[in-house]
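In the numbering used here, the protein residues as written are 2 to 356. Glycine is no exception: its CB is placed at the ideal position from the N, C-alpha and C atoms. One structure is given here, and the rest of the page talks about it.
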Ligand code: BGC
Ligand code: ZN
């Protein structure tokens with residue numbers, strides 16, 4: 002069968018023929034796999050923690066939608082079911098044993114298509130039923146390929162609710178309508194995170210450094226999400242009109258973080274999700290802002306099974322209303338390998354169609 006592989010830590014990209022693994026569990030035929038920043042970093046050899054399952058090649062792909070073609074002795078799945086596989090697999094620590102490998106304590110986990118486990122960019126794969134999430138074909142179908150990136154937004158929502166309860170943060174009418182949240186980054190994750198906070202009743206402003214593509218603007222407009230292109234208006238000037246109460250960073254750059262701590266209100270909530278770039282230790286002044294403003298800052302990576310289920314539910318409830326299908330801007334063949342390195346004008350999420 003066909004498989005798209007890379008060679009960590011060097012990177013690279015190849016479509017190869019691999020033998021079908023002799024596996025047990027549920028046999029899944031891949032329908033779609035999504036490509037995200039993590040895949041692009043892997044291919045460029047820039048992801049420090051990337052490692053193959055065995056040998057030198059790692060099968061890429063952690064965002065997938067597939068169809069059960071043989072349920073094995075699984076009681077929960079039958080032939081024809083649509084399923085989304087989970088990315089991260091538990092090690093032996095307490096958190097992993099509780100099903101919260103997204104909070105793994107000792108790093109002894111693997112992630113399909115990223116570190117220590119082959120991914121889903123292949124025609125078929127075997128999967129343990131525990132790591133498959135069932136999707137209802139009639140309500141969401143192909144959109145379910147967004148479940149994996151959306152589960153990250155659902156974990157961010159969980160963290161946000163927790164941080165929000167630290168002070169009495171809701172408005173006088175006990176909604177969140179008086180609160181503004183700035184979401185940095187307008188890629189797939191940024192748009193999904195913005196959509197989730199919009200449904201929580203907050204005023205959401207999506208931020209990018211460059212003028213936004215038309216497709217992104219129409220997505221934000223139709224969903225009542227504001228936006229800021231910091232090449233035409235500075236963050237400093239925008240927050241004078243719309244104060245920043247909370248921020249989610251889906252970029253991961255130092256200047257974005259400094260922009261947040263400089264401009265956010267006291268008791269602000271900051272969730273960091275992006276991972277490009279490092280925090281240089283010379284920026285000590287940022288620490289002062291964090292302390293003096295009582296900021297709650299939390300990092301977030303990955304998500305648990307509950308977040309996959311919440312993501313499926315979110316797509317069922319809001320997929321049509323939010324026009325989530327417009328996030329998928331291109332459907333390609335496994336042979337089209339240059340989609341990993343070329344950026345199309347207006348691209349948001351590219352997916353590969355396997356069957
Ligand atoms: C995935 C996460 C994963 C992270 C780091 C992201 O692209 O969505 O599930 O934990 O990469 O490997
Ligand atoms: Zn991803």
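Going by DSSP in three states, residue i sits in which element: helix, strand or coil?
i	result
residue 66	strand
residue 47	coil
residue 317	helix
residue 255	helix
residue 101	coil
residue 79	coil
residue 10	coil
residue 312	helix
residue 297	strand
residue 145	helix
residue 278	Confidence in residue 278 is poor, its pLDDT being 48 and thus under 50, which makes the residue's placement unreliable; the coordinate value appears in the next sentence. Coil at residue 278, not helix or strand.
residue 30	strand
residue 330	strand
residue 154	helix
residue 1	No statement about residue 1 is possible, as the shown extent of the chain runs from 2 to 356 and does not include it.
residue 220	helix
residue 25	coil
residue 1	The requested residue 1 does not occur in the structure, where the chain is confined to residues 2 to 356.
residue 245	strand
residue 180	coil
residue 131	helix
residue 136	strand
residue 59	strand
Let's test the definition: count the other Cβ atoms within 10 Å of the Cβ of residue i and tell me whether it reaches 16, buried, or not, exposed.
i	result
residue 181	buried
residue 20	exposed
residue 40	buried
residue 332	exposed
residue 25	exposed
residue 215	exposed
residue 334	exposed
residue 343	exposed
residue 234	exposed
residue 99	exposed
residue 204	buried
residue 128	buried
residue 23	exposed
residue 109	exposed
residue 345	exposed
residue 212	exposed
residue 103	buried
residue 297	buried
residue 195	buried
residue 36	buried
residue 199	buried
residue 175	exposed
residue 56	exposed
Give a single yes or no on whether residue i has its beta carbon closer than 7 Å to a heavy atom of the ligand ZN.
i	result
residue 39	yes
residue 64	yes
residue 212	no
residue 10	no
residue 86	no
Would you mind giving the Cβ-Cβ distance between residue i and residue j, rounded to the nearest angstrom? I have them listed as a contact below 8 Å.
i	j	result
residue 158	residue 134	Not really, about 17 Å apart at Cβ, beyond 8 Å.
residue 43	residue 7	5 Å
residue 303	residue 273	So it is not a contact: roughly 14 Å between Cβ atoms.
residue 189	residue 350	5 Å
residue 106	residue 89	No, residue 106 and residue 89 are not in contact; Cβ-Cβ is about 13 Å, not under 8 Å.
residue 28	residue 71	4 Å
residue 155	residue 311	4 Å
Tell me whether residue i counts as near the ligand BGC, meaning its Cβ is closer than 7 Å to at least one heavy atom of that ligand.
i	result
residue 303	yes
residue 89	yes
residue 310	no
residue 224	no
residue 115	yes
residue 149	yes
residue 112	yes
residue 295	no
residue 181	no
For residue i, is the beta carbon positioned less than 7 Å from some heavy atom of the ligand FMN?
i	result
residue 104	In terms of ligand content, the structure shown lacks the ligand FMN and carries the ligand BGC and the ligand ZN instead.
Contact between the stretch 140-151 and the stretch 315-322 (3+ Cβ pairs under 8 Å): yes
Inter-stretch contact at 8 Å, needing at least 3 Cβ pairs: the stretch 234-246 / the stretch 166-186: yes
At least three beta-carbon pairs within less than 8 Å, the stretch 111-121 to the stretch 47-64: yes
The stretch 286-306 contacting the stretch 257-273, beta-carbon criterion three pairs below 8 Å: yes
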